[in-house]
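Just so we're aligned, residue 1 is where the sequence shown starts under UniProt numbering, counting upward by one.
Here the structure comes first, spelled out in structure tokens, and everything after it is commentary.
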Amino acid sequence: MTKYAHISFGFMRPTYSPRCVFSEEHMDMYVDWLQNSCKMDSIQHANAPFPTAREFNAFIRAQGPRYPQAIQPCQHPRHPLDTSSTKYCPVCFFKMHVNYIKFIDVAWQKKGAPWVGNKADQAYTEMKHARSIARMVLANDMDFVESLAKRERDWNEHHPSHDTSKTYSYCRVLDMYHKWMDSKPAVPRNIRRPDRKITFKNDTPDFTVEKRRPPELWRRRSPHYTAGRHASPSTEGWEDTSGSSSYVSMLMQCKLYMVQSAEHMAETSSIPRNAIYVGLLGNYDHQAEIVAHIERMHQQASNPQGFVRGLKNSDAIFVLKREVEVHDSRKEITIADVRPVALEQDAGEPLRPSQWDVKSDPGDDEMDWE
């Protein structure tokens, strides 16, 4: 049975700069926020990490009342089983990610989406890819939400005297997700040329019926879904071999900080004062050594499942690196210690408010997506 734990939407990120979705003015604001709030002194437009849903929310929150779409820490009533979410309830987490998707959607549509044909440039392609990643992350998170919602329903059955209908629970998140998916307008089909037609013998079976059903009926989570002839015969479904649940793929999205002294490695609630940001782990030359170190930690952990859950909630990695001098003036890199951490715990406050003048006018405000 899945352990009831805190679900945090949106840890995956594209590996390119977010300049494709931000205007020039907002990119300046974002880089300023990273430099002042996240101790990324060396960050510039070209190497700024693409924000995750939680980081994007922290960024727009730091701009003060300018963006009312920002989700604020809440005191919404939680389900009795939910003892993990403190600053944000599950519903606010979901809204946070939907806002993030909507922001990318608006930027993509301003580039002429969804149909631009051969006019698609690099920015359009990156926007489309970022949009796919944001939606994929939310869809993958729903697997976990479903298991937690089931536990809530089981708890409700065993505690009929407790009224949980007004709680901001994972059951409510699941209902909101279904309504959000069903509310998508149908995309009109632009027929550029007549369909080609072929004929078959009268006794030829027609296997095209499934292809004619609307997109919402292909979603396995939809209450209207009916399994097709290629569906898994088992109620557990096909085995997931995509690697989407691998913690290594999650680690590659983490921000990497080099810590200069061992005593600062114990600090996990904020970035150590002498830490240096070097980029995402996926772009680091010695990522294999760091992953190997974490895998050894996993093997030695007293609670391997809890260790992996912690890794999947991590958004940064602190590394204590030692450089050992060897012959021919070459240096052998030795990883002394590695510490995966969650800096945006519970999608919490930014480390330090942005120093940007929130009263200034950035011009064409692409972040006004409402």
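Backbone N, C-alpha and C define an ideal beta-carbon position, used for all residues, glycine too.
Have a look at the DSSP bridge pairing and note the partners of Ala-316. To locate residue 316, count along the sequence shown from 1; it is residue 316. Bridge partners of Ala-316: Lys-255 and Val-341.
Closest residue to Ile-71 among Phe-93, Val-106 and Pro-80 (Cα-Cα distance): Numbered from 1 along the sequence shown, position 71 holds the residue referred to as residue 71. Of the candidates Phe-93, Val-106 and Pro-80, the one whose C-alpha sits nearest the C-alpha of Ile-71 is Phe-93.
Tyr-170 and residue 443 - do their beta-carbons sit closer together than 7 Å? Shown here, the chain extends from 1 to 370; a query on residue 443 therefore has no answer.
Under three-state DSSP, which class holds Ala-336? Here residue 336 refers to the residue found at position 336 when the sequence shown is read from its first residue. In the structure shown, Ala-336 adopts extended strand secondary structure according to DSSP, grouped into three states.
Let's see if you can read the secondary structure: which residues bound the alpha helix (DSSP H) around Val-173? To locate residue 173, count along the sequence shown from 1; it is residue 173. Counting along the chain, the unbroken alpha helix (DSSP H) around Val-173 starts and ends at 170-182.
Using the three-state DSSP reduction, which class does Val-291 fall into: helix, strand or coil? Within the sequence shown, numbered from 1, the residue matching residue 291 stands at position 291. Helix, per DSSP.
Return the CA-CA distance between Val-21 and Met-12, expressed in angstroms with no decimal places. By one-based count along the sequence shown, residue 21 stands at place 21. By one-based count along the sequence shown, residue 12 stands at place 12. The alpha-carbon atoms of Val-21 and Met-12 are separated by roughly 16 Å.
Coil, strand or helix - Gly-348 by DSSP: Here residue 348 is taken as the residue at index 348 of the sequence shown, counted from 1. Low confidence applies here, because Gly-348 scores a pLDDT of 36, under 50, leaving its location unreliable; read the following figure in that light. DSSP places Gly-348 in the coil class of the three-state scheme, outside both helix and strand.
Our contact map puts Phe-56 next to Tyr-100 with C-beta atoms below 8 Å; I'd like the distance itself, whole angstroms only. The residue you call residue 56 lines up with position 56 of the sequence shown. The residue you call residue 100 lines up with position 100 of the sequence shown. Confirmed, Cβ separation roughly 5 Å.
Counting C-beta neighbours from all protein chains within 10 Å, is the total for Asp-167 16 or more, i.e. buried, or is it exposed? The residue you call residue 167 lines up with position 167 of the sequence shown. In the sequence as displayed, the identity of residue 167 is Thr instead of Asp. When all chains shown are included, Thr-167 counts as buried.
I'd like to check one pair, Ile-335 with His-293: are the Cβ atoms closer than 7 Å? Taking the sequence shown and counting its residues from 1, the one referred to as residue 293 is at position 293. Taking the sequence shown and counting its residues from 1, the one referred to as residue 335 is at position 335. Yes, they are a contact pair.
Boundaries of the alpha helix (DSSP H) in which Tyr-30 is found, first to last residue: Against the sequence shown, residue 30 aligns to sequence position 30. Where Tyr-30 is concerned, the enclosing alpha helix (DSSP H) stretches over 24-37.
Give the straight-line distance between the Cα atoms of Val-146 and Tyr-225, rounded to the nearest whole angstrom. Translated into positions along the sequence shown, residue 146 becomes position 146. Translated into positions along the sequence shown, residue 225 becomes position 225. A small correction: the amino acid at residue 146 is Glu; Val does not occupy that position in the sequence shown. Straight-line Cα distance between these residues: approximately 16 Å.
Using only the alpha-carbon positions, how far apart do Phe-144 and Phe-200 sit? Looking up residue 144 in the sequence shown gives position 144. Looking up residue 200 in the sequence shown gives position 200. So the two alpha carbons sit approximately 45 Å from each other.
Note down the Cα distance separating Asn-118 from Gly-112, rounded to an integer number of angstroms. Within the sequence shown, the letter at position 118 stands for residue 118. Within the sequence shown, the letter at position 112 stands for residue 112. Approximately 12 Å, taken between the alpha carbons.
Our contact map puts Ala-62 next to Ser-23 with C-beta atoms below 8 Å; I'd like the distance itself, whole angstroms only. The residue labelled residue 62 in the question sits at position 62 within the sequence shown. The residue labelled residue 23 in the question sits at position 23 within the sequence shown. Between Ser-23 and Ala-62 the Cβ distance is about 17 Å, and since that is not below 8 Å, they are no contact.
Please classify Glu-236: does DSSP put it in a helix, a strand, or coil? Taking the first residue of the sequence shown as position 1, residue 236 is located at position 236. Under the three-state reduction of DSSP, Glu-236 is assigned to coil, being neither helix nor strand.
With C-beta atoms as the reference, is Pro-73 less than 7 Å away from Lys-95? The residue labelled residue 73 in the question sits at position 73 within the sequence shown. The residue labelled residue 95 in the question sits at position 95 within the sequence shown. Going by C-beta atoms, Pro-73 is not nearer than 7 Å to Lys-95.
Which first and last residues belong to the beta strand (DSSP E) in which Ile-43 is found? The residue labelled residue 43 in the question sits at position 43 within the sequence shown. Per DSSP, Ile-43 belongs to no beta strand (DSSP E) and is neither H nor E.
Is Asn-283 buried or exposed, if buried means 16 or more other CB atoms sit within 10 Å of its CB? Walking along the sequence shown from the start, residue 283 turns up at place 283. Its Cβ having fewer than 16 others within 10 Å, Asn-283 is exposed.
Can you give me the C-alpha to C-alpha distance between Arg-151 and His-286, rounded to a whole angstrom? Numbered from its first residue, the sequence shown carries residue 151 at position 151. Numbered from its first residue, the sequence shown carries residue 286 at position 286. Going by the C-alpha atoms only, they are around 41 Å apart.
If you reduce the DSSP assignment to three classes, tell me which class Val-21 lands in. In the sequence shown, counting from the first residue as 1, residue 21 sits at position 21. Val-21 falls in the coil class under three-state DSSP.
With a 10 Å radius around its C-beta and 16 neighbouring C-beta atoms as the bar for buried, classify Ser-85 as buried or exposed. Position 85 of the sequence shown, counting from 1, holds the residue named residue 85. So Ser-85 counts as buried.
Over what stretch of residues does the alpha helix (DSSP H) that includes Tyr-284 continue unbroken? As a first step, residue 284 is located in the sequence shown; it is residue number 284 there, counting from the start. The continuous stretches of alpha helix (DSSP H) do not include Tyr-284, and DSSP gives it neither H nor E.
Give the DSSP-derived three-state secondary structure of Lys-197 in the structure shown. Mapped onto the sequence shown, residue 197 falls at position 197. In this structure, Lys-197 counts as coil in the three-state DSSP scheme.
Using only the heavy atoms of the ligand COA, determine whether one of them is closer than 6 Å to the beta carbon of Pro-68. With respect to the ligand COA, the structure shown offers nothing to examine, as it has no ligands at all.
Taking DSSP as the reference, what is the three-state secondary structure of Gly-279? By one-based count along the sequence shown, residue 279 stands at place 279. It is a strand residue.
Would a C-beta distance cut-off of 7 Å place Val-173 and Val-259 closer than the cut-off? In the sequence shown, the residue the question calls residue 173 occupies position 173. In the sequence shown, the residue the question calls residue 259 occupies position 259. Contact flag unset, no.
On the premise that Phe-318 lies in contact with Met-265, defined as a C-beta separation below 8 Å, what is that separation, rounded to the nearest angstrom? Working through the sequence shown from its first residue, we reach residue 265 at position 265. Working through the sequence shown from its first residue, we reach residue 318 at position 318. Met-265 to Phe-318, Cβ: 6 Å. Contact.
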